[in-house]
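Same order as they appear, the protein sequences are chains A and B.
Counting the first sequence from 1 gives a position; our numbering is that position plus 444.
Counting the second sequence from 1 gives a position; our numbering is that position plus 444.
Every residue, glycine too, gets a C-beta built ideally from N, C-alpha and C.
Below you'll find the structure, written out as structure tokens, and then a few comments.
There are 2 protein chains.
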Amino acid sequence: MLMDVVQAHRQRVEAELERLITQRTSIEPRLQAAMRYSLLNGGKRLRPTLVYLAAEICGGALNPADSAACAIEAVHSYSLVHDDLPAMDDDELRRGKPTCHIAFDEATAILAGDALLTWAFELISEPCIDVQPQTQLSMVRALARAAGDLGMVAGQAFDLNSVGKTLTLAQLQNMHAAKTGALINLALELGALSANATEEERDALRRYGQALGLAFQIKDDLLDIEGDTATLGKPQGSDMERNKPTYPALVGMEQCRLWLEELRKEAVDALASFGSKADSLRELAQYVIDRDR
Amino acid sequence: MLMDVVQAHRQRVEAELERLITQRTSIEPRLQAAMRYSLLNGGKRLRPTLVYLAAEICGGALNPADSAACAIEAVHSYSLVHDDLPAMDDDELRRGKPTCHIAFDEATAILAGDALLTWAFELISEPCIDVQPQTQLSMVRALARAAGDLGMVAGQAFDLNSVGKTLTLAQLQNMHAAKTGALINLALELGALSANATEEERDALRRYGQALGLAFQIKDDLLDIEGDTATLGKPQGSDMERNKPTYPALVGMEQCRLWLEELRKEAVDALASFGSKADSLRELAQYVIDRDR
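Following this line, the structure appears as structure tokens:
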């Protein structure tokens, strides 16, 4: 049931991304090939799916949510391309394929990331008849705030500077709230805004998103220890090898599993007022916790 | 006269940038220090000045143009930080000071650039009572298109891939139109939009901008040959040393000087309908051609 919905949304955003990126022709086709390579690489499309699901449970249609779904995936792709760079995480594999700077070169990867980030803002500001300009401007601003030096970029910088250091649990949570949580919450907020949601609906989605984002990260840390390289598409144990601070390292595996269960409940409870309309989001919280990659 | 105006606009945008960047506090102060370092580094502030001048000659005030002026300078700063990276132009000096990746480190420089670019979109989408949301959305879109894979980023990629190659004059012009011209034209367009300019005014500014942008680049190439390192704040002769395609290399120094004179006339003529209101922009075209750094 959830998987059908997720599959449909995933296909929708991929078709849309493919269509939109194919339309673009600049004086530098290699740059656009690198953008395309990084964008259409078999990702889970969790964030676009959240955009669509949030729009739907707030009574919105999918069309007005398309731009936001594509924009957020473009931002996510850019962040992976830059995070993988030699000066950052120095990763050679991403989802089982060579990372952008390996498949192309470092300069092209930096520029492809820059271009994907910039494109996201072009996408999200395209004229849309179903969304008020005032609301669309709020969407632009929300995207910028979640992605920038108060959100995702700060999280990545903090993460890089934390390698080998002992963090408190609060520091680790703040880091992940910025690094991963900001974009997950953004996805829900953009979907809600595209559907002209009420303040109450947006607030419920915010509480759901907080729990989901934290659960997502704890699960990621657990997978790095328990998963295997073939399933993950990246080397298993890479966090430990780099001495990165993780939830299991701070509170232990067992505590992480208990915490995940609490977060699942929190996420599900936050959606109470939506009734059965929110079943997919509830199942999604379960999926995030149960996934093996 | 022009210098007083330019000085005033420069001080205005610097005070505004300083005020805005100081307000921001994230979990990663080092990232924000790198943003600040790159932003407040004694640049010429040509692009913000163009925003203000365009707004003024279209009958607009400066307040509604502030966000665009700051946003475009943030984008310009980000592009310099990324262009200077080892994988790109590998420059250690910028305006006589260590480049961002030398003063901080490579990862921080990549992230500071990312954050400055993202911040630009936050700035330009801030609520503004003097500009209609619809117009503001157009400004967001114009910024994204000028800065991305159809504009500045494509220009930089093309430039990197052109080192050691022989370009035609048309290719060189297309490259610079994307790499530098797009942002110069954008500055004029954003200023005009912030002033609710007419289509005719915007079109005149577009023609002015085309000439100014090309003149700016030809002059840059000439300075690389004729200027001295102390005045330029960067090593003189660096283009030649890298075997970069330049206008003097393609058409000769003398032809470049004649061309500059033609472009000055084109720029001045484009502004005819504005009358004496456009004197500063006319003088600016002269300044761009006469400058020694």
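Exercise for the section: Using a Cβ cut-off of 9 Å, pull out every chain B residue sitting near Q654 (chain A), in sequence order please. Expected result: Result: empty, since nearest Cβ-Cβ is about 16 Å, beyond 9 Å.
Practice task
Compute the Euclidean distance between the alpha carbons of Q578 (chain A) and E645 (chain A), then round it to the nearest angstrom.
Solution key: Those two C-alpha atoms are separated by around 19 Å.
Practice task
Give the residues of chain B in contact with S569 (chain A), contact being defined as C-beta atoms less than 7 Å apart.
Solution key: Result: L581, V584, R585, A588.
Handout entry: DSSP-derived helix/strand/coil call for L694 (chain A)
Key = L694 (chain A) falls in the helix class under three-state DSSP.
Problem - Other residues of its chain near R726 (chain B): CB distance less than 8 Å, five sequence neighbours each side excluded - result: Contacts found: A711, V712, L715.
Handout entry: Coarse secondary structure for P542 (chain A), derived from DSSP in three states
Key = DSSP places P542 (chain A) within a strand segment (E or B) once states are collapsed to three.
Handout entry: Short Cβ contact (9 Å threshold) for R651 (chain B) with E633 (chain B)
Key = No.
Handout entry: Beta carbon proximity, M479 (chain B) to chain A, threshold 9 Å
Key = Cβ-Cβ to chain A under 9 Å: yes for M479 (chain B).
Problem - Nearest neighbour of D528 (chain A), chosen from A:A512, A:A547, A:S717 [CA to CA] - result: Residue A:A547 is the option with its Cα nearest to D528 (chain A).
Problem - Residue nearest to V732 (chain A) in terms of C-alpha spacing, selected from A:L666, A:F660, A:G595 - result: Ranking A:L666, A:F660, A:G595 by CA distance to the CA of V732 (chain A) puts A:F660 first.
Handout entry: Bounding residues of the alpha helix (DSSP H) (the contiguous stretch that carries C514 (chain B))
Key = DSSP places C514 (chain B) in the uninterrupted alpha helix (DSSP H) bounded by 510-527.
Practice task
Return helix, strand or coil for L728 (chain A), following the three-state DSSP convention.
Solution key: Collapsing the DSSP output to three states places L728 (chain A) in a helix.
Exercise for the section: Could you name the residues of chain A that Q476 (chain B) contacts, counting a contact when the two beta carbons are closer than 7 Å? Expected result: Those within 7 Å of Q476 (chain B) in chain A are D593.
Practice task
May I ask which residues mark the beginning and end of the alpha helix (DSSP H) holding K688 (chain A)?
Solution key: Per DSSP, K688 (chain A) belongs to no alpha helix (DSSP H) and is neither H nor E.
Practice task
Scan the segment 619-668 of chain B and note each continuous alpha helix (DSSP H) run of 4 residues or more that stays entirely inside, going in chain order.
Solution key: Listed in chain order, the complete alpha helix (DSSP H) runs (minimum 4 residues) inside the segment 619-668 of chain B are 626-638.
Handout entry: Within 9 Å, strictly: CB atoms of K663 (chain B) and L702 (chain B)
Key = No, the Cβ-Cβ distance between K663 (chain B) and L702 (chain B) is not below 9 Å.
Handout entry: Validate contact between the segment 559-578 of chain A and the segment 505-522 of chain A using beta carbons, cut 8 Å, 3 pairs
Key = Taking a cut-off of 8 Å on C-beta distances, the segment 559-578 of chain A touches the segment 505-522 of chain A, as three or more cross pairs fall below it.
Handout entry: Inter-stretch contact at 8 Å, needing at least 3 Cβ pairs: the segment 488-506 of chain B / the segment 622-641 of chain B
Key = In this structure the segment 488-506 of chain B touches the segment 622-641 of chain B; the number of beta carbon pairs closer than 8 Å is three or more.
Handout entry: Sub-9 Å separation of S470 (chain A) and A591 (chain B) beta-carbons
Key = With respect to the 9 Å criterion, S470 (chain A) and A591 (chain B) are not classified as neighbours on the basis of their beta carbons.
Exercise for the section: Determine the direct distance from the alpha carbon of G625 (chain B) to that of A598 (chain B), and round the result to whole angstroms. Expected result: Approximately 12 Å between the Cα atoms of the pair.
Practice task
Just mark L607 (chain B) as buried or exposed, buried being the case when its beta carbon has 16 or more other beta carbons within 10 Å.
Solution key: In the sequence as displayed, the identity of residue 607 (chain B) is Val instead of Leu. That one is exposed.
Handout entry: Three-way DSSP call (helix, strand, coil) for L446 (chain A) in this model
Key = L446 (chain A) falls in the helix class under three-state DSSP.
Exercise for the section: Locate the alpha helix (DSSP H) running through Q578 (chain B), then write down its first and last residues. Expected result: If you look at Q578 (chain B), you'll find it in the alpha helix (DSSP H) that goes 577-591.
Practice task
Assign S511 (chain A) to buried or exposed, taking buried as 16 or more other Cβ atoms, counted over all protein chains shown, within 10 Å of its Cβ.
Solution key: Buried, because 16 or more other Cβ atoms sit within 10 Å of the Cβ of S511 (chain A).
Exercise for the section: Pull up the DSSP beta-bridge partners for L537 (chain B), would you. Expected result: The partner list for L537 (chain B) (beta bridge, DSSP) reads B:P542.
Handout entry: Buried versus exposed call for S482 (chain B) [16 or more other C-beta atoms within 10 Å across all chains shown]
Key = S482 (chain B) should be labelled buried.
Exercise for the section: For R646 (chain A), decide whether its Cβ has a neighbour in chain B, counting only Cβ atoms nearer than 9 Å. Expected result: Not one chain B Cβ lies under 9 Å of R646 (chain A).
Exercise for the section: Could you tell me whether any Cβ in chain B is nearer than 9 Å to the Cβ of I573 (chain A)? Expected result: By this cut-off, I573 (chain A) is not an interface position.
Problem - Buried or exposed by the 16-neighbour rule on C-beta atoms within 10 Å, applied to S724 (chain A) - result: By the neighbour-count rule (16 or more Cβ atoms within 10 Å), S724 (chain A) is buried.
Handout entry: C-alpha distance - V419 (chain B) paired with P508 (chain B), whole-angstrom precision
Key = Past the boundaries of the shown model lies residue 419 (chain B); chain B is included only from 445 to 737, so the question cannot be answered.
Handout entry: Neighbour list for T554 (chain B) in chain A, Cβ cutoff strictly below 9 Å
Key = Before going further, note that residue 554 (chain B) is Ile rather than Thr in the sequence given. Result: H526, L529, A531, M532, I554, G557.
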